[in-house]
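Going by numbering that gives the first Met the number 0, the sequence shown opens with residue 0, and the numbers climb by one from there. Built from N, CA and C at the ideal position, the CB exists for glycine as well. See structure below.
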Amino acid sequence: MSERHQEYIEKINDLRREKRAVILAHNYQRPEIQDIADYTGDSLGLARQASETEAETIVFCGVHFMAETAHILNPEKTVLIPDPGAGCPMADMVTAPGLEALKAEHPGVPVVCYVNSPAEVKAVSDVCCTSSNAVSIVQNLPGDKVIFVPDENLGRYVAQRTGKTIILWPGYCPTHRRIKPETVRRLKSESPGAVFLAHPECDEDVLALADHICSTSGMYEFARQTAATEIIVGSEMGMLHRLRLENPDKTFIMPGDNIICPNMKLTTLKKVFLSLLEGRTVVTLPEDVREKALAATERMVKVLA
Ligand code: 13P
Ligand code: SF4
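What follows is the structure in structure tokens.
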């Protein structure tokens, strides 16, 4: 570890005690951010942690919709995002007016919105979901038709798993789109014993090659219990840090060297330090939007994976 890193870690530790703050980090964060976090997890785990913590301040090391979800669920706590520019391009692919227009075409059809979406979209949805509980949520809805926004790949995967008709929205993750089926096929032929783990945001032709499809935290669980010693990781590069720490005897292979979410990498130790020191940037919403988004978000947190 560099001296600079050590210096920031000490300052962060002092400030987190002083301000009664908790640091939550997504599984794609830089290794040094994962290492200082009080909790590292997937979107559902982070939303639950944000609801359960007794800390007064949450420093959210992830992307904006994740911090916004923490605020929707906990308006009495201060939610800080170290870099307010850390957005999610997929979340920006859907708008409330766009969803309202789709709903008008399908009156009475329930709307499930992936948590990777703006609060205004959650406010006009019936229930939110994450990659870990999307199948259960759709399965438990009445009727056999569902509107699903914004991730087309996750929506199609849920349709296959539930047998329901899903009205899709053309949103996608630019990072997971970089994973190509020909790369996965080549890696599988080079390592015939390897298993291919894929996040459901991967494209359809990539998911078709997967041995197991799950959320980012689901990948840790799978890697721990599988007998396979070589695992191709169909998700973002940040996954490698904990996968390797927790499974020193296994080999993890990325399907490309550019499977990186640039927004997730915007959070640095220096920005976490400044965030705690200066109390910025506070994530907030107009209260009417937060209240409207709350019902769909609370339903999501209650449904197990
Ligand atoms: P998880 O909830 O599986 O961590 O996924 C969040 C995400 O944005 C993946 O790209
Ligand atoms: Fe959004 Fe994709 Fe980054 Fe996840 S990996 S935060 S879906 S852009």
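Who are the near neighbours of residue i in its chain, counting only those whose CB is closer than 6 Å to its CB and skipping five residues on each side?
i      : result
HIS70  : VAL78, VAL282
VAL108 : LYS144, ILE146
CYS127 : CYS112, VAL114, LYS121, ALA295, THR296, MET299
PRO285 : none
SER214 : ASP41, SER130, SER131
SER216 : GLY40, ASP41, GLY44
VAL21  : ASP37, THR52, ALA54, ILE57
HIS211 : LEU196, PHE221
GLN138 : THR161
LEU140 : PRO109
Look at the Cβ atom of residue i, then the Cβ atom of residue j, and state whether they are nearer than 8 Å.
i      : j      : result
HIS4   : LEU206 : no
VAL58  : SER274 : yes
MET92  : GLY170 : yes
MET218 : GLU235 : no
ILE11  : PHE272 : yes
ASN26  : MET238 : yes
ILE166 : HIS105 : yes
GLU200 : ASP256 : no
THR266 : LYS249 : no
ALA118 : ALA226 : no
ALA24  : CYS60  : yes
ARG317 : PRO74  : Only positions 0 to 304 of the chain appear in the structure, and residue 317 is not among them; the question remains open.
PHE251 : ARG241 : no
LEU208 : PRO180 : yes
TRP168 : VAL194 : no
Quick one: using the 10 Å Cβ neighbour count with 16 as the cut-off for buried, is residue i buried or exposed?
i      : result
GLY154 : buried
ASP143 : exposed
HIS175 : buried
PRO81  : buried
LEU276 : exposed
ALA90  : buried
ASN132 : buried
GLY44  : buried
LYS301 : exposed
ALA100 : exposed
ALA103 : exposed
ARG16  : exposed
GLN48  : buried
SER188 : exposed
PRO223 : Note on identity: in this sequence residue 223 is Arg, with Pro being the wrong assignment. Classification for ARG223: exposed.
THR310 : The structure shown does not extend to residue 310, since the chain is modelled only from 0 through 304, so no value can be given for it.
LEU98  : buried
GLN28  : buried
SER116 : buried
SER1   : exposed
Could you tell me how far apart the beta carbons of residue i and residue j are, in whole angstroms, since I believe they sit closer than 8 Å?
i      : j      : result
ARG186 : GLY233 : In the sequence as displayed, the identity of residue 186 is Leu instead of Arg. Their Cβ separation, rounded to whole angstroms, is 10 Å, which puts LEU186 and GLY233 out of contact at 8 Å.
SER50  : LEU72  : 5 Å
ASP202 : ASN152 : 6 Å
In chain order, what residues of the same chain lie with their CB nearer than 7 Å to the CB of residue i, ignoring the 5 residues before and after it?
i      : result
THR68  : ALA46, VAL114, THR296
THR182 : PRO254, GLY255
ILE258 : THR174, ARG177, ILE178, GLU235, MET236
LYS18  : THR56, LEU275
GLY86  : VAL62, HIS63, ASN262
GLU31  : HIS4, LEU268
GLY84  : LEU265
Which same chain residues, not among the five before or five after residue i, have their C-beta less than 8 Å away from its C-beta?
i      : result
LEU303 : ASN132, SER135
VAL123 : ALA95, LEU98, GLU99, LYS102, VAL110, LYS291
Contained beta strand (DSSP E) runs [length at least 3] in the segment 137 to 165, N- to C-terminal order:
Correct list: 144 to 148.
For the segment 237 to 273, list the beta strand (DSSP E) runs that are entirely contained and at least 3 residues long, ordered along the chain.
Runs found: 250 to 252.
Whole alpha helix (DSSP H) elements within the segment 111 to 139, 4-residue minimum:
118 to 121, 133 to 138
Every unbroken alpha helix (DSSP H) within the segment 197 to 232, with a cutoff of 4 residues, ordered by chain:
The segment 197 to 232 contains, as complete alpha helix (DSSP H) runs of 4+ residues, the segments 203 to 206, 215 to 224 (chain order).
Whole alpha helix (DSSP H) elements within the segment 163 to 192, 4-residue minimum
Fully enclosed alpha helix (DSSP H) runs of 4 or longer: 180 to 189.
Scan the segment 54 to 121 and note each continuous alpha helix (DSSP H) run of 4 residues or more that stays entirely inside, going in chain order.
63 to 72, 95 to 104, 118 to 121
In chain order, which continuous runs of the alpha helix (DSSP H) of length 4 or greater are located wholly inside the segment 2 to 40?
2 to 17, 30 to 35
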